[in-house]
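In what follows, a structure is listed as structure tokens, so that the remarks can point back to it.
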Amino acid sequence: MTAPILHTARLTLRPPMLADFEVWAAFYASPRSNAMGGPLDRLSAWRVWAADVALWVLRGYGPFGVADRASGAYLGEVGVYHGEGYPAPDLGWFVVPEAEGRGIAREAAQAVLGWLRQVTGWPHITSTIAPGNTRSIGLALRLGGVIDASLPGIDPGDVVIRHDLRGAA
Amino acid sequence: MIARPSIIAHPTAPELLTPRLRLRMPVLADFAPRLAFYASDRAIWEGGPFTRREAWRIFASEVGQWPLLGFGPFSMQDRVSGDYLGEVGIYQPEGYPEPELGWFVTDAAEGRGLAAEGARAVMVWAAASFGWDHIDNYIDPGNARSIALGLRLGGQIVDAPGDDPTDVVIRHDLRGLA
Chain A
0 MTAPILHTAR LTLRPPMLAD FEVWAAFYAS PRSNAMGGPL DRLSAWRVWA ADVALWVLRG
60 YGPFGVADRA SGAYLGEVGV YHGEGYPAPD LGWFVVPEAE GRGIAREAAQ AVLGWLRQVT
120 GWPHITSTIA PGNTRSIGLA LRLGGVIDAS LPGIDPGDVV IRHDLRGAA
Chain B
0 MIARPSIIAH PTAPELLTPR LRLRMPVLAD FAPRLAFYAS DRAIWEGGPF TRREAWRIFA
60 SEVGQWPLLG FGPFSMQDRV SGDYLGEVGI YQPEGYPEPE LGWFVTDAAE GRGLAAEGAR
120 AVMVWAAASF GWDHIDNYID PGNARSIALG LRLGGQIVDA PGDDPTDVVI RHDLRGLA
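Given below as structure tokens:
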């Protein structure tokens, strides 16, 4: 299975493609990736990114590439991550620096939450976030998530935020 | 040089059949035998042993080659019993100068010529699908078993770049195969 195409007012969510990798290689080479296990060399960055792309094939869900609906410009990634060591599928997001501060991640994440409500029977999905990543924690709460200390994280100290998937799609 | 296909005609592996093998798209359950290999001393020729997380990233990123590059690993299973026997396919992670032919068999499946049987099927498929005139193996010079298999398959050691500067590069002529 590959990612379906989802549209929002400003965005197209579509399967990740090879050209997206250059953005990820640059991200993992920069100090911005410190909160996500970086910095990483190109081979390590490829293994992290391509392994996430493979989730669609291996688990039936995974990351969407986020593109500007009008220009097609690559703006980042949002989707469901489930690598080794994850206790459960996890909702995550990433935007390129030029796309920050415009509500892009929020708009994309809302579309993915709507898709999950339609196609899965999951009661909830978590966002597992490093405690220092206050921006992402703020976004997860703005999406309607609640901090749930009873749920396991991935690394010690992770903030686990639970999004309810029951109710209206 | 052989190049990646410009159009992805194969976002997942097609099924290939040989007398004893079914070659198919990898599935999640195939990770367990790959992990057992990557965690063991047998993985020394691949840069291992590796942790569970590292093994996942190697296995899954290779599976991810199918939607991203249009080629990748095939899982090999016994055509009759369905037992998982190993993996054979075309690999090109970051740093590989060209798509590379590689193989792996489980401990239980060694010594039966299964990697050779799977590799021949993949070479025929690659020649027909991509029009490549050759494909290389990149093998650690200490991995005598894999080098012997590369030569038994008709390959020749060539002076061409591999992944690591010390790699033995064995080239297989694909002309006439398709």
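Residue numbers (numbering that gives the first Met the number 0), protein chains in the order written: chain A, 0 to 168; chain B, 0 to 177.
For each residue, glycine too, the CB sits at the ideal point set by N, CA and C.
Which of helix, strand or coil DSSP assigns to residue i
i	result
residue 92 of chain B	coil
residue 33 of chain A	helix
residue 66 of chain A	strand
residue 161 of chain A	strand
residue 11 of chain A	strand
residue 157 of chain B	strand
residue 149 of chain B	helix
residue 83 of chain A	coil
residue 76 of chain A	strand
residue 134 of chain B	strand
residue 51 of chain A	helix
residue 127 of chain A	strand
residue 166 of chain A	coil
residue 95 of chain A	coil
residue 19 of chain A	helix
residue 6 of chain B	coil
residue 176 of chain B	coil
residue 136 of chain A	helix
residue 1 of chain B	coil
residue 169 of chain B	strand
residue 142 of chain A	coil
Distance cut-off 6 Å: residue i Cβ against heavy atoms of the ligand GDP
i	result
residue 152 of chain B	Ligands in the displayed structure: none, and consequently the ligand GDP is not present.
Own chain, CB closer than 7 Å to residue i, minus 5 neighbours either side, in chain order
i	result
residue 60 of chain A	54, 79 and 88
residue 71 of chain B	12, 61, 62, 64, 65, 88 and 89
residue 131 of chain A	34
residue 41 of chain A	24
Candidates the options: closest to residue i by CA position
i	options	result
residue 112 of chain B	B/136, B/75, B/173 and B/38	B/75
residue 157 of chain B	B/174, B/175, B/142 and B/138	B/138
residue 20 of chain B	B/86, B/61 and B/162	B/86
residue 8 of chain A	A/49, A/142, A/68 and A/62	A/68
residue 165 of chain A	A/5, A/141, A/124 and A/148	A/124
residue 91 of chain B	A/46, A/113, A/56 and A/110	A/46
residue 110 of chain A	A/76, A/122, A/134 and A/83	A/76
residue 174 of chain B	B/130, B/106 and B/162	B/130
residue 0 of chain B	B/44, B/146, B/98 and B/114	B/98
residue 81 of chain B	B/106, B/29, B/140 and B/166	B/29
residue 14 of chain B	B/166, B/172, B/37 and B/117	B/117
residue 94 of chain B	A/81, A/116, A/70 and A/44	A/44
residue 104 of chain A	A/64, A/120, A/57 and A/81	A/64
residue 49 of chain A	B/114, B/59, B/69 and B/150	B/59
residue 164 of chain B	B/140, B/133, B/134 and B/170	B/140
Residues near residue i in its chain [Cβ-Cβ closer than 6 Å; skip 5 each side]
i	result
residue 160 of chain A	126, 139, 144 and 146
residue 177 of chain B	126 and 127
residue 160 of chain B	96
residue 101 of chain B	90
residue 157 of chain A	127
residue 151 of chain A	86
residue 171 of chain A	The first residue shown for chain A is 0 and the last is 168, placing residue 171 of chain A beyond what the model contains.
residue 136 of chain A	128 and 158
Buried or exposed by the 16-neighbour rule on C-beta atoms within 10 Å, applied to residue i
i	result
residue 18 of chain A	exposed
residue 79 of chain B	exposed
residue 154 of chain A	exposed
residue 8 of chain B	exposed
residue 6 of chain A	exposed
residue 40 of chain B	exposed
residue 118 of chain A	exposed
residue 94 of chain A	buried
residue 141 of chain A	exposed
residue 52 of chain A	buried
residue 145 of chain B	buried
residue 33 of chain B	buried
residue 56 of chain B	buried
residue 36 of chain A	exposed
residue 162 of chain B	buried
residue 43 of chain B	exposed
residue 46 of chain B	exposed
residue 154 of chain B	buried
Spatial neighbours of residue i in its chain, beta-carbon cut-off 8 Å, leaving aside the 5 residues before and after
i	result
residue 119 of chain B	17 and 152
residue 106 of chain A	7, 8, 9 and 10
residue 112 of chain A	90, 124, 142, 162 and 164
(message) What ranges does the beta strand (DSSP E) occupy inside the segment 43-105 of chain B, keeping only unbroken runs of at least 3 residues that lie completely in it?
(response) 72-77, 83-90 and 99-104
(message) Could you tell me which whole beta strand (DSSP E) segments of length 3 or greater appear in the segment 8-43 of chain B?
(response) Counting only runs of 3 or more, we get 20-23.
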